[in-house]
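Visitor: Would you mind keeping the following structure in view while I ask a few things?
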Amino acid sequence: MASNKKPDFTFHGKYIINAELLLLTGMHIGGSTEGFEIGGLDNPVIKDPISDVPYIPGSSLKGKMRSLLEWAYGLVTIKQNEKTSLWEGELCSDAEKDLAIVFGVPAEEHPKASLPPGPTRLTVRDAYPKGFEAGSDTVGEQVTKWERDMGEGIYTEIKYENAIDRLTSVANPRPMERVPAGSRFELQFIYDVYQNKDIARLKLLFEGLRLLEDSALGGGGSRGSGRIKVESISVGARERSYYLGEKTQDEKKLTLECPKDGVGLEEILKNFSTHFPSGAGD
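Per this note's numbering, the sequence shown starts with residue 2, numbered consecutively.
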């Protein structure tokens, strides 16, 4: 039931979190097969349509972290579909849970909350190869390395997997395109602060990244693909005046005690309250 208490949302600013994602094994995040020639690969990775360079969609990264966090915090609701009788695991859409507030709540769920969750706090950018600038002629060091190691215009590998018939032992090879191990992508997360509690909620992002390191990103994870490591994390704070051009009388400072460059994921989680004091925004 909705509360009569007026919700308090004031935009204080944003945290900008940058990091590098290193592929420890090949990664497959599927793309469209439309436009591929007859006889071509039917299991391609997603690529930038202009440059043909593979990238990691922000939706894939955000969705995987959310799923892992929902299981870790026991927020997956298992229900039986009334039409099909199949059991289904539902996304956490409880608008009063921190995880839903950070990652987003479907609009139809807002009226069910006693207090509205407000704007989604976390934005996850598409991650491009290190040094690559979409829409420009700057290819960057990672694309240069791919072309040096694999040939001009070649940015992926083909991994063949076999499904073996248990009776006849006949192999059914299935080719899968992957971005090769050793590749680096640039991550960026934008985190909006509207309430004092949002500072503590930010920890969910780093917990999600740590869970992802011991899981897999993309398809074929149970068969070795998609193992990643997050490195070189840097955090910056941009207060409201950064966007408005001048400080307002009621502007609140976003406290940040995190090193600007090269801090590790374990360090941030271990000393989160030191790097992001709970009084930030007061």
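Glycine included, C-beta positions come from ideal geometry on N, C-alpha and C.
1) What first and last residue would you give for the alpha helix (DSSP H) that runs through M66?
2) Report yes if the CB atom of L255 is closer than 8 Å to the CB atom of A238, and no otherwise.
3) On the criterion of 16 or more Cβ atoms from any shown chain inside 10 Å, does D150 qualify as buried, or is it exposed?
4) Around the Cβ of P350, are there at least 16 other Cβ atoms within 10 angstroms (buried) or fewer (exposed)?
5) In whole angstroms, what separates the C-alpha of T139 from that of G263?
6) Could you give the residue range of the alpha helix (DSSP H) that holds A217?
7) Report yes if the C-beta distance between K15 and D193 is below 8 Å; otherwise report no.
8) Here's a check: name, in chain order, each residue in its chain whose Cβ is nearer than 7 Å to the Cβ of K131, leaving out the five neighbours to either side.
9) Among K65, D166, S274, A96, which residue has its Cα nearest to the Cα of V125?
10) According to DSSP, simplified to helix, strand and coil, what is F104?
11) Quick one: what's got a C-beta closer than 8 Å to Y1's C-beta in the same chain, skipping five residues either side?
12) Report the three-state DSSP secondary structure of Y16 (helix, strand or coil).
Guide: Checking against the coordinates, here is how it stands:
1) 59-73 is the extent of the alpha helix (DSSP H) around M66.
2) Taking the C-beta atoms as reference points, A238 is found nearer than 8 Å to L255.
3) By the Cβ-count criterion, D150 is exposed, with fewer than 16 other Cβ atoms from all chains shown falling within 10 Å of its own Cβ.
4) No answer is possible for residue 350: the residues shown for the chain start at 2 and end at 283.
5) So the alpha carbons of these two residues sit roughly 24 Å apart.
6) Premise fails: A217 is in no alpha helix (DSSP H) and is neither H nor E.
7) In this structure, K15 lies near D193, with their beta-carbon atoms less than 8 Å apart.
8) So the qualifying residues of the chain are E21, G141, E142, Q143, R185, F186, E187.
9) For V125, the closest alpha carbon among the candidates K65, D166, S274, A96 is that of K65.
10) Secondary structure at F104: helix, using DSSP grouped into helix, strand and coil.
11) Absent from the model: residue 1. The displayed extent of the chain is 2 to 283, so no value can be given.
12) If DSSP states are grouped into helix, strand and coil, Y16 belongs with the strands.
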